[in-house]
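J.: Residue numbering for the sequence shown follows our numbering, beginning at 2 and increasing consecutively. C-beta: ideal position from N, C-alpha, C; glycine also. There's a structure below that I have some questions on.
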Amino acid sequence: MNKIVIVGAVGGGATAAGQLRFYDPDVQIIVFDRDSTMSYAACGTPYVIGGVIEDEESIIMTDPKRFKKKRDIDVHMRHEVIAIDRAAKKVLVHNLESGEQFEESYDALILAPGGSAIVPKIEGLNTSKVFTLRNFEDMQKIDQFIKTAQPKNCVVSGGGFIGLEMAENLKNIGLDVSLVHRSPTIMSILDTDISLMIEKELALQDVKLITGTEIKKTEGKTIHLSNGIDIQADFIIMSVGLRPNTRLAMKAGLTIGETDGIQTNEFMQTNDPSIYAIGDASENFDMVTGDPKRVPLASPAHRQAFIAASHLTGNKVAKKGLLGTSVLKIFSLTAAMTGLNEKAIQDKNLAFATVTHTGNSNAGYYPDHSEITLKVHYDPQTRKILGAQCIGGKGVDKRIDVIVTAIYGGLTIDDLQALELCYAPPYSSPKDPINMVGYKALSK
Numbered sequence: 002m003n004k005i006v007i008v009g010a011v012g013g014g015a016t017a018a019g020q021l022r023f024y025d026p027d028v029q030i031i032v033f034d035r036d037s038t039m040s041y042a043a044c045g046t047p048y049v050i051g052g053v054i055e056d057e058e059s060i061i062m063t064d065p066k067r068f069k070k071k072r073d074i075d076v077h078m079r080h081e082v083i084a085i086d087r088a089a090k091k092v093l094v095h096n097l098e099s100g101e102q103f104e105e106s107y108d109a110l111i112l113a114p115g116g117s118a119i120v121p122k123i124e125g126l127n128t129s130k131v132f133t134l135r136n137f138e139d140m141q142k143i144d145q146f147i148k149t150a151q152p153k154n155c156v157v158s159g160g161g162f163i164g165l166e167m168a169e170n171l172k173n174i175g176l177d178v179s180l181v182h183r184s185p186t187i188m189s190i191l192d193t194d195i196s197l198m199i200e201k202e203l204a205l206q207d208v209k210l211i212t213g214t215e216i217k218k219t220e221g222k223t224i225h226l227s228n229g230i231d232i233q234a235d236f237i238i239m240s241v242g243l244r245p246n247t248r249l250a251m252k253a254g255l256t257i258g259e260t261d262g263i264q265t266n267e268f269m270q271t272n273d274p275s276i277y278a279i280g281d282a283s284e285n286f287d288m289v290t291g292d293p294k295r296v297p298l299a300s301p302a303h304r305q306a307f308i309a310a311s312h313l314t315g316n317k318v319a320k321k322g323l324l325g326t327s328v329l330k331i332f333s334l335t336a337a338m339t340g341l342n343e344k345a346i347q348d349k350n351l352a353f354a355t356v357t358h359t360g361n362s363n364a365g366y367y368p369d370h371s372e373i374t375l376k377v378h379y380d381p382q383t384r385k386i387l388g389a390q391c392i393g394g395k396g397v398d399k400r401i402d403v404i405v406t407a408i409y410g411g412l413t414i415d416d417l418q419a420l421e422l423c424y425a426p427p428y429s430s431p432k433d434p435i436n437m438v439g440y441k442a443l444s445k
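Structure follows, in structure tokens:
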């Protein structure tokens, strides 16, 4: 392999480039990205806006100059790959600054194009006061607007990860926040009872939540909702979903899967073995069911980058599938999940049982303990763990990480009671919530 071209220079693309150089000191690596900023921590952008992270530059991991000096990798920002000639193994590149177009050859191509925020067509929408949060430049626009316009209130449309993180951070800098969500409950990846706990926390923090509706029309600062309610807002954060950037792949004849992502195998190869796809725009498979799955999160993108780079350099590390493990901070609560939720299990007509345990994060007599609820779904016949969710104060992420490890290791729900986990009063209890779930399952 002499020359590898990568489309995308953020999480997946930059990680793949670095991993390729680690494995092969001689291969030529060229990276193109249509945006201005490379290798930034997109997950940190809400916290820059909220003032939690004071220096916006701190979420930028590197830049083209440093990347070239340290790893001898050429990164071209503001360069968009607009076509792929698979037969000739060339890409057509458009320099967005100069307007120039040129071809670049490749021996292998890695697509890490990410996704784009969905903005619905809404009557009267003033686009100068409607923002999405998808990249570093989006973050800067929101931050600058807040500092210059000094708004007092806002509407966040969409109750997923970005919507909730933005609601918290905007509230924390003193804005009145209304959160509008189309479905009856927020955070559709969670079971309804867990989502309702988040909704209760939003109410306690004085975030106005309006569910079962969406923005229908805007007139100045008046936002008309489809349920007839009118609310006032100086600006809108639109976080209703992500569309994978697959147009380039589609034009090249690569297979687009059931989830609208670029279909890949266990090595992240597309239907063209010389082209790989990773990150938000790629489709892989569900580790629990084997069904097609797309998870637009940072952690899977980094794992996929490692797998693609490993395969390209002869180190065959196969992807074991996706669980969709994720975690959310919302004011005083943390919510985390992995695997299938109740609705997904029911939609697939799988037999399942559930164990729920509510207890303390650590010893109840120790200061600053908090309540957490751990909920695990499993197959009643095989005892295989299908998915889990946890919500509460501290230690939520730890419990879900243990469940993830159990799923990867093939442990059953019954095995959880036997795990010898860390214990000291500041951190846990002699019978950890993980153990308690296992004990309860054994009695079923």
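1. CB asparagine 246 to CB serine 117, shorter than 8 Å?
2. Using the DSSP secondary-structure output, state which residues sit across from asparagine 154 in a beta bridge.
3. According to DSSP, simplified to helix, strand and coil, what is glycine 340?
4. Going by Cα to Cα distance, which pick from Gly12, Lys395, Phe353, Val53 is closest to alanine 364?
5. Does the beta-carbon of valine 157 have 16 or more other beta-carbons within 10 angstroms, so that it is buried, or is it exposed?
6. Where asparagine 272 and valine 82 are concerned, what is the direct C-alpha to C-alpha distance, given to the nearest angstrom?
7. Can you find the residues in the same chain that come closer than 6 Å, C-beta to C-beta, to lysine 376, ignoring five residues on each side of it along the sequence?
8. With H, G and I counted as helix, E and B as strand and the rest as coil, what does DSSP make of proline 245?
9. In whole angstroms, what separates the C-alpha of glycine 229 from that of glycine 213?
10. Please state whether the Cβ-Cβ distance between valine 397 and alanine 337 is less than 8 Å.
11. Anyone know if the C-beta pair for isoleucine 174 and glycine 51 falls short of 8 Å?
12. Counting only the same chain and skipping the five closest in sequence on each side, list residues whose C-beta sits under 6 Å from that of phenylalanine 68.
13. In the DSSP output, what is isoleucine 392 paired with across the bridge?
14. Tell me the residue span of the alpha helix (DSSP H) that contains lysine 399.
15. Where DSSP assigns a beta bridge to isoleucine 61, which residues make up the other side?
16. By how many angstroms is the C-alpha of serine 333 removed from the C-alpha of proline 26?
17. By alpha-carbon positions, which one of Ala84, Tyr367, Thr374, Lys130 ends up nearest to threonine 149?
18. With tyrosine 41 and isoleucine 54 assumed to form a contact (beta carbons below 8 Å), what rounded beta-carbon distance in angstroms separates them?
19. Grouping DSSP H, G and I as helix and E and B as strand, with all else coil, what is leucine 191?
20. By DSSP, does asparagine 96 sit in helix, in strand, or in coil?
21. Output the distance between the C-alpha atoms of arginine 87 and lysine 399, rounded to the nearest integer angstrom.
22. Taking the alpha helix (DSSP H) that phenylalanine 236 falls in, what are its first and last residues?
23. From Leu165, Gln382, Pro426, Asp415, pick the residue whose C-alpha is nearest to that of tyrosine 366; which is it?
24. Please classify asparagine 350 as buried or exposed, where buried requires at least 16 other C-beta atoms within 10 Å of its C-beta.
T.: According to the data block:
1. In the sequence shown, the residue the question calls residue 246 occupies position 245. In the sequence shown, the residue the question calls residue 117 occupies position 116. Going by C-beta atoms, asparagine 246 is nearer than 8 Å to serine 117.
2. Position 153 of the sequence shown, counted from the first residue, corresponds to residue 154. Bridge partners of asparagine 154: Asp177.
3. Residue 340 sits at position 339 when you count from the first residue of the sequence shown. In the three-state DSSP reduction, glycine 340 falls in the strand class (E or B).
4. As a position in the sequence shown, residue 364 is number 363, starting the count at 1. Taking only the C-alpha atoms, the option nearest alanine 364 is Lys395.
5. Position 156 of the sequence shown, counting from 1, holds the residue named residue 157. Label assigned to valine 157: buried.
6. What you label residue 272 is simply residue 271 of the sequence shown in a count that begins at 1. What you label residue 82 is simply residue 81 of the sequence shown in a count that begins at 1. Those two C-alpha atoms are separated by around 19 Å.
7. Mapped onto the sequence shown, residue 376 falls at position 375. Cβ-Cβ distances below 6 Å link lysine 376 to Thr357, Gln390 in the same chain, with the five nearest sequence neighbours on each side left out; the list follows chain order.
8. Residue 245 sits at position 244 when you count from the first residue of the sequence shown. Three-state DSSP puts proline 245 in a strand.
9. Numbered from its first residue, the sequence shown carries residue 229 at position 228. Numbered from its first residue, the sequence shown carries residue 213 at position 212. If I take the Cα positions, the gap works out to 12 Å.
10. For the purposes of this step, residue 397 is taken as residue 396 along the sequence shown, with counting starting at 1. For the purposes of this step, residue 337 is taken as residue 336 along the sequence shown, with counting starting at 1. The answer is yes: Cβ separation under 8 Å.
11. Here residue 174 refers to the residue found at position 173 of the sequence shown. Here residue 51 refers to the residue found at position 50 of the sequence shown. For isoleucine 174 and glycine 51, yes; Cβs fall inside 8 Å.
12. As a first step, residue 68 is located in the sequence shown; it is residue number 67 there, counting from the start. Around phenylalanine 68, the same chain offers Ile74, Val76 as residues with beta carbons nearer than 6 Å, after the five sequence neighbours per side are excluded.
13. In the sequence shown, residue 392 corresponds to position 391, counting from 1. Partner residues in the beta bridge of isoleucine 392, as assigned by DSSP, are Ala336, Thr374.
14. Along the sequence shown, read from residue 1 onward, the residue named residue 399 stands at position 398. In the DSSP annotation of this structure, the continuous segment of the alpha helix (DSSP H) that includes lysine 399 starts and ends at 397 to 409.
15. As a first step, residue 61 is located in the sequence shown; it is residue number 60 there, counting from the start. BP columns for isoleucine 61 point to Tyr41.
16. Along the sequence shown, one-based indexing puts residue 26 at 25. Along the sequence shown, one-based indexing puts residue 333 at 332. It is roughly 46 Å from the alpha-carbon of proline 26 to the alpha-carbon of serine 333.
17. As a first step, residue 149 is located in the sequence shown; it is residue number 148 there, counting from the start. Of Ala84, Tyr367, Thr374, Lys130, the residue nearest in Cα terms is Lys130.
18. Taking the sequence shown and counting its residues from 1, the one referred to as residue 41 is at position 40. Taking the sequence shown and counting its residues from 1, the one referred to as residue 54 is at position 53. Their Cβ separation, rounded to whole angstroms, is 12 Å, which puts tyrosine 41 and isoleucine 54 out of contact at 8 Å.
19. By 1-based counting over the sequence shown, the position of residue 191 is 190. In this structure, leucine 191 counts as coil in the three-state DSSP scheme.
20. Start at 1 with the first residue of the sequence shown, and residue 96 comes out as number 95. If DSSP states are grouped into helix, strand and coil, asparagine 96 belongs with the strands.
21. Taking the first residue of the sequence shown as position 1, residue 87 is located at position 86. Taking the first residue of the sequence shown as position 1, residue 399 is located at position 398. Lysine 399 has its alpha-carbon roughly 45 Å from the corresponding atom of arginine 87.
22. Sequence index remark: in the sequence shown, residue 236 carries index 235 (1-based). Where phenylalanine 236 is concerned, there is no enclosing alpha helix (DSSP H), although the beta strand (DSSP E) it sits in stretches over 236 to 239.
23. Working through the sequence shown from its first residue, we reach residue 366 at position 365. Checked all of Leu165, Gln382, Pro426, Asp415; the closest Cα to tyrosine 366 is Pro426.
24. As a working note, residue 350 is residue 349 in the sequence shown. Note on asparagine 350: under 16 other CB atoms within 10 angstroms of its CB, so exposed under the neighbour-count rule.
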